[in-house]
Amino acid sequence: MNDAAAQKRQQAALQIVSHLVRSGYTALFAGGCVRDRILFGESCGDIDIATNATPQTVSELFTHTIGVGAQFGVVIVMQSGIPFEVATFRSDIGINDGRHPGRVVFTDARHDALRRDFTINGMFYNPLTNTIDDYVGGRRDLESGVIRAIGDPRERFREDYLRLLRAIRFAARFSFIIDDETWAAIKANAASIAQISPERIFGELDRMLRGPHSDLALTLLAESGLLKAVLPEVHDSIGVEQPPEFHPEGDVFTHTVKALGFMAPDPSPTLAWSVLLHDIGKKSTMRMLDRLRFNGHDQVGARMATGILKRLHASSDLIDSTSTCIENHMHFMNVTSMRLATLKRLLSRPTILDELELHRVDCLASHGNVDNVTFVRKRLDEFARERIKPSPLLRGNDLILLGMTPGPLFSTILREVYDLQLDEKIATHDEAIEVVKSRWLGEKSEGKKAGETQPQ
78 MNDAAAQKRQ QAALQIVSHL VRSGYTALFA GGCVRDRILF GESCGDIDIA TNATPQTVSE
138 LFTHTIGVGA QFGVVIVMQS GIPFEVATFR SDIGINDGRH PGRVVFTDAR HDALRRDFTI
198 NGMFYNPLTN TIDDYVGGRR DLESGVIRAI GDPRERFRED YLRLLRAIRF AARFSFIIDD
258 ETWAAIKANA ASIAQISPER IFGELDRMLR GPHSDLALTL LAESGLLKAV LPEVHDSIGV
318 EQPPEFHPEG DVFTHTVKAL GFMAPDPSPT LAWSVLLHDI GKKSTMRMLD RLRFNGHDQV
378 GARMATGILK RLHASSDLID STSTCIENHM HFMNVTSMRL ATLKRLLSRP TILDELELHR
438 VDCLASHGNV DNVTFVRKRL DEFARERIKP SPLLRGNDLI LLGMTPGPLF STILREVYDL
498 QLDEKIATHD EAIEVVKSRW LGEKSEGKKA GETQPQ
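Every position in the sequence shown, counted from 1, becomes a number in the numbering used here once 77 is added.
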């Protein structure tokens with residue numbers, strides 16, 4: 078979020094708080110925005126507001142509201158075109174489904190803090206007095222670099238098992254340690270993450286992979302037992318040996334952890350998931366031939382990645398782009414010897430930048446040689462877009478005008494002529510027509526239909 082947008086959000090949130098206070102109620106910033114203000118001196122994302130005003134009162138005080146979570150005390154207030162969650166202080170009573178409480182009762186700030194997940198997320202900030210209200214020791218844990226569940230961690234996780242993944246994400250994001258009791262509860266409840274919907278699991282994993290220190294996140298997922306529960310295919314890469322001459326770093330899992338660590342900040346979803354899943358096909362394709370080999374692991378891995386992302390209800394676009402990156406990630410080792418047409422086809426793929434970055438971190442996490450990355454970047458700079466993927470000089474209608482009968486050969490002819498165009502061996506429509514006449518129409522005099530002939 079840029080400075081102007083952040084300032085606009087801050088001012089809009091302050092207007093909501095001020096209006097509630099003028100109306101006789103308590104209103105405070107709550108949760109992650111308070112944590113980030115203490116850590117970084119400013120809110121780094123959404124600003125949630127907590128108040129002792131009931132949902133009905135909030136709806137009456139503001140013009141534009143949406144009662145999407147009114148049964149849990151939450152109303153969306155639109156201010157300056159920005160949506161804010163305004164939640165009534167509450168305590169949760171009972172556990173309904175591992176996500177929602179059995180019922181809620183409206184209460185005060187202190188009791189509201191006690192039902193939140195982790196101490197670092199359980200503080201309140203009063204923007205009118207510039208003061209912090211901390212009932213759970215959150216400031217102490219921020220200073221000590223500790224992720225600690227509020228109260229009994231077993232109870233906190235049973236209230237919402239997604240908190241198991243959230244603990245890992247926060248620990249990785251801030252490079253904090255997880256306190257012993259909280260860690261023990263995570264390990265004891267890891268299998269219960271299966272009670273959470275695939276969409277919510279995907280959301281946490283996606284934020285984890287695209288956030289800081291995703292390599293640490295993957296390590297903690299494995300050590301906690303959560304990786305086996307949510308991504309067993311990645312867990313199965315633990316202990317899968319690799320040839321040391323190409324992979325001195327160790328097994329496939331170690332390689333994946335290191336590759337995540339080499340990603341640049343704020344990776345695209347496609348890149349993050351491609352790096353995580355690019356070698357999951359190695360276990361099933363491992364063979365001892367002249368050495369350990371994983372022939373076809375890219376193709377197998379692409380199919381497995383498609384299955385994983387479908388299981389997690391990821392978007393079709395992410396599924397397609399990730400599987401494409403994984404399927405093609407071994408092609409870069411041959412780029413310096415590719416014919417020009419083949420190289421241009423590779424460089425013109427929509428996913429090329431993510432593919433190239435996947436190759437870079439793949440190399441850095443193993444042998445360390447990134448010469449092919451340098452080569453591809455240079456070629457991308459050299460080629461104007463129209464030279465990488467120009468409009469074809471020849472189309473099917475041109476073949477029909479030449480008297481050819483449509484058939485399977487059409488695609489072969491068009492592809493071969495386009496390859497010559499990409500190789501920069503022909504540059505005009507007339508030259509393309511001459512190629513067709515010399516290579517294919519010459520066979521017409523032998524009594525065959527042009528659409529049935531084979532190229533010489």
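C-beta: ideal position from N, C-alpha, C; glycine also. In this text the structure is predicted, and so the values were computed from the model without any measurement.
- Taking C-beta atoms as the reference points, A127 and L105 count as a pair closer than 8 Å.
- Within the model, the alpha-carbon separation for E326 versus D292 is close to 14 Å.
- Going by beta carbons, N449 and M410 fall inside the 8 Å limit.
- Between the alpha carbons of E220 and T413 lies a gap of roughly 51 Å.
- Using a Cβ distance threshold of 8 Å, V135 and T142 count as a contacting pair.
- Between the beta-carbon of D194 and that of R246 there is about 11 Å, and that puts the pair past the 8 Å contact cut.
- Residue pairing from DSSP places I143 in a beta bridge opposite I153.
- The three-state reading of DSSP puts T165 in strand, counting E and B together.
- If you look at D185, you'll find it isn't in any beta strand (DSSP E); DSSP assigns it neither H nor E.
- The continuous beta strand (DSSP E) containing Y202 extends over residues F201 to N203.
- In the three-state DSSP reduction, D123 falls in the coil class, being neither helix nor strand.
- Pairing F460 with E493, the inter-Cα distance amounts to about 21 Å.
- The beta carbon of L395 is closer than 6 Å to those of P346 in its chain, skipping five residues each way along the sequence.
- Note: L369 is bridge-paired with M365 in the DSSP secondary-structure output.
- Comparing alpha-carbon positions, the option among L441, S168, A442 and K502 lying closest to L470 turns out to be K502.
- The residue from M363, F279, G338 and I403 with its alpha-carbon nearest to that of L386 is F279.
- Looking from the CA of R225, the closest CA among A249, D256, L241 and F201 belongs to D256.
- According to the DSSP secondary-structure assignment, T208 is paired through a beta bridge with N203.
- Contact check for T103 and A164: beta-carbon distance about 12 Å, past the 8 Å limit, so the pair fails to qualify.
- Beta-bridge analysis with DSSP links I255 to I224.
- H324 has its alpha-carbon roughly 9 Å from the corresponding atom of G445.
- The Cβ atoms of I209 and R216 lie closer than 8 Å to each other.
- Within the same chain, L241, S301, G302, L303, K305 and A306 come within 8 Å of A267 by CB-CB distance, once the 5 residues on both sides are set aside.
- T128 is bridged by DSSP to A104 and T165.
- For I159, the pairing in a beta bridge is given by DSSP as Q156.
- Rounded to the nearest angstrom, the gap between the Cα atoms of N405 and I159 is 41 Å.
- Contact between Y238 and I273 holds: their C-beta atoms lie close to 5 Å from each other, under 8 Å.
- With fewer than 16 neighbouring CB atoms inside 10 Å of its own CB, H390 falls in the exposed class.
- DSSP, read as helix, strand or coil, puts F460 in coil.
- By the neighbour-count criterion, in which a residue is buried when 16 or more other Cβ atoms sit within 10 angstroms of its Cβ, Q156 is buried.
- Between D367 and H332, the C-beta gap is not smaller than 8 Å, which leaves the two residues out of contact.
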